[in-house]
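Colleague: If you count by full-length UniProt numbering, then the sequence shown holds residues 1 to 148, one letter each, in order.
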Amino acid sequence: MTDSSFDLSAVKELIKVLNGGVEFYTEAKKKVDNLMLERIFEQNMLDKAKAQSELQKFIVADEGKIESDSAFSVELRESYTKVIALISIDKEHTYISQLEEVEDKVLEKIDKALNSPLPADCKQTLKQIRITMQANHDEMKGLQEATS
Numbered sequence: 001m002t003d004s005s006f007d008l009s010a011v012k013e014l015i016k017v018l019n020g021g022v023e024f025y026t027e028a029k030k031k032v033d034n035l036m037l038e039r040i041f042e043q044n045m046l047d048k049a050k051a052q053s054e055l056q057k058f059i060v061a062d063e064g065k066i067e068s069d070s071a072f073s074v075e076l077r078e079s080y081t082k083v084i085a086l087i088s089i090d091k092e093h094t095y096i097s098q099l100e101e102v103e104d105k106v107l108e109k110i111d112k113a114l115n116s117p118l119p120a121d122c123k124q125t126l127k128q129i130r131i132t133m134q135a136n137h138d139e140m141k142g143l144q145e146a147t148s
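1) Put Leu18 into one of helix, strand or coil per three-state DSSP.
2) Can you name, in chain order, every residue of its own chain whose Cβ lies under 6 Å from the Cβ of Leu143, other than the five neighbours on each side?
3) Name the residue from Leu35, Glu100, Phe41 and His93 whose alpha carbon lies nearest to the alpha carbon of Thr26.
4) Leaving out five residues before and five after Lys48 in sequence, what residues of the same chain have Cβ atoms less than 6 Å from its Cβ?
5) Look up Val74 in the DSSP assignment and say whether it is helix, strand or coil.
6) Quick check: what's the CA-CA separation for residue 158 versus Ser68?
7) Report, in whole angstroms, the separation of the C-beta atoms of Thr125 and Glu54, which I expect to be a contact under 8 Å.
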């Protein structure tokens, strides 16, 4: 167990968002026909899976079990449904736009966690994860602008 003065709820929220992001990127990758986009989606999915895996050790130390929920996946599924409904001539732009919103949510949750009282090693892990997630966000934002 970690020191009881730390509240890891923000880290748990982030893990749920990362889990949902993995699911959404996995689905989106299956739906696009552009090899470059498939590779980007795959890399972003892997980055999120790695990040959630790195954060799990803090949850396990605190609670004795991993955080496997994906509460955000309900919202992602709704977004996914909207994406399917919106698919028109430019489905790639539609996916990119929705995934860029996922990236915004990930950064928001990381920042919330970083502003929480957390063990130093957890904060350091979050700072490293944030660098990768910011790069994912910037890439999706660039794709969004390029395809609009």
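Backbone N, C-alpha and C define an ideal beta-carbon position, used for all residues, glycine too. Here the structure is a predicted model, which is why all the values come from computation and not from measurement.
Modeller: The answer reads as follows:
1) Counted from its first residue, the sequence shown places residue 18 at position 18. Three-state result, Leu18: helix.
2) Taking the sequence shown and counting its residues from 1, the one referred to as residue 143 is at position 143. Hits under 6 Å: Ile96.
3) Sequence index remark: in the sequence shown, residue 26 carries index 26 (1-based). Sorting Leu35, Glu100, Phe41 and His93 by C-alpha distance to the C-alpha of Thr26 places Phe41 at the top.
4) Within the sequence shown, the letter at position 48 stands for residue 48. When the five nearest sequence neighbours on each side are left out, the beta carbons in the same chain lying within less than 6 Å of the beta carbon of Lys48 are those of Leu18, Gly21 and Val22, in order along the chain.
5) Position 74 of the sequence shown holds residue 74. In this prediction, Val74 has a pLDDT of 47, which is less than 50 and means its spatial position is unreliable; nothing more can be read from the coordinates.
6) Residue 158 falls outside the range modelled here, since the chain spans only 1 to 148, and no answer is possible.
7) Sequence index remark: in the sequence shown, residue 125 carries index 125 (1-based). Sequence index remark: in the sequence shown, residue 54 carries index 54 (1-based). Indeed they touch by this definition, with Cβ atoms about 6 Å apart.
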